[in-house]
Amino acid sequence: MKRMILAAALAAAPLSVQAQDAQGLWQSQPGEEGNYIHVQIAPCQGATDQRCGVIRGAFQADGTPTNADIVGKPIIWGMEPNGSASWNNGTIWAPDQDKEYRSTMQLQGADALEVSGCVLFICRSQTWTRIN
-6 MKRMILAAAL AAAPLSVQAQ DAQGLWQSQP GEEGNYIHVQ IAPCQGATDQ
44 RCGVIRGAFQ ADGTPTNADI VGKPIIWGME PNGSASWNNG TIWAPDQDKE
94 YRSTMQLQGA DALEVSGCVL FICRSQTWTR IN
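What follows is the structure, encoded as structure tokens:
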């Protein structure tokens, strides 16, 4: 019986580790005009323990894709792991302001990611929703 429990726990371990990772496709919160983006988060090239994100799509409030020149651009880079479901010491680019900010990410369950960008003590946060 103990062996069956141990085998089940070992089989589930990769799933729990994956569920605690920010890798995947995320939808941002809508901006002031209702527009939003899709961001693909994956390990950074050359630093696989870190997380980076690229804009994969830009959409109007009604879901219509836009031909935005931001698609394909990096939006997050250098996020270092800080515990099982959080990353810090990264940088985020705010396309609406064309500025870069010190950034952190924190998983809020399997399908929500709180992303923050700060300058000095002023921070702006969004909760992104996992698409897949």
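Going by the working numbering, the sequence shown opens with residue -6, and the numbers climb by one from there.
Where is the CB? At the ideal position from N, CA and C, for every residue including glycine.
All values derive from a computational prediction rather than experimental measurement.
CA-CA distance, residue 72 to residue 25, rounds to 26 Å. CA-to-CA, the gap between residue 124 and residue 74 works out to about 22 Å. When the Cα atoms are used, residue 81 and residue 116 turn out to be separated by approximately 14 Å. Within the segment 17 to 67, complete beta strand (DSSP E) segments of at least 3 residues are found at 17 to 20, 29 to 37 and 40 to 52, given in chain order. Bounds of the beta strand (DSSP E) holding residue 82 are 79 to 87.
If you draw a 10 Å sphere on the C-beta of residue 120, you find fewer than 16 other C-beta atoms in it, and that means exposed.
Excluding residues up to 5 positions away in sequence, 68 and 93 lie with their Cβ nearer than 6 Å to the Cβ of residue 86 in the same chain.
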